[in-house]
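The numbering of the sequence shown is full-length UniProt numbering, which starts it at 1 and goes up by one.
Backbone N, C-alpha and C define an ideal beta-carbon position, used for all residues, glycine too.
Each remark here refers to the structure printed beneath this line.
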Amino acid sequence: MADVKIITDILKCPNCGCPDTVNRAAAAPYKEDGRIPKDAYVAHSVTNKMIVPPTKVSLSVPTLFIYMDICLDCGILYATRAEQRDVPIKYQMAGGGGPPRGAGFG
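What follows is the structure, encoded as structure tokens:
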């Protein structure tokens, strides 16, 4: 896996201070019996955003990942982790991208 720079880990709910989240609680038994790696990070959702627009030819671009989860006590959705990593850019061939002419499409 690419190098990951953890910007912050939020270990408690900012609303009530509870350290437990829905997904951590749900994953705990599976981590205990080895079905999920003990160091796997679990969350309700993750959003990513390119930090720098890919304006030059590049193989990867720095990207910020924000992980969200739900407090097990008060139910608030909050960011539990922010991390940065380089994400490979997928290239697409120039052209129309449609089927070739004469393929029965008009």
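| Check | Outcome |
| --- | --- |
| Would you check if the segment 19-28 and the segment 62-74 touch, i.e. whether three or more CB-CB distances between them fall below 8 Å? | yes |
| What did DSSP end up calling Arg-24 once you bin it into helix, strand or coil? | helix |
| Where does Pro-62 sit, in a helix, a strand or coil, going by DSSP? | strand |
| According to the Cβ coordinates, are Ile-36 and Ala-82 closer than 8 Å? | no |
| Hey, Pro-53 and Gln-84: beta-carbon distance below 8 Å or not? | no |
| Considering only residues of the same chain and omitting the five flanking positions on each side of Asp-3, which have a CB-CB separation below 8 Å? | Arg-85 and Asp-86 |
| Just checking my contact of Leu-59 with Pro-88 at CB under 8 Å: how many whole Å lie between their CB atoms? | 6 Å |
| Please classify Thr-47 as buried or exposed, where buried requires at least 16 other C-beta atoms within 10 Å of its C-beta. | exposed |
| Can you look up Pro-19 in the DSSP assignment and give me helix, strand or coil? | coil |
| Which residues in the same chain have their Cβ closer than 6 Å to the Cβ of Phe-65, if we skip the five residues on either side of it in sequence? | Val-46, Asn-48 and Glu-83 |
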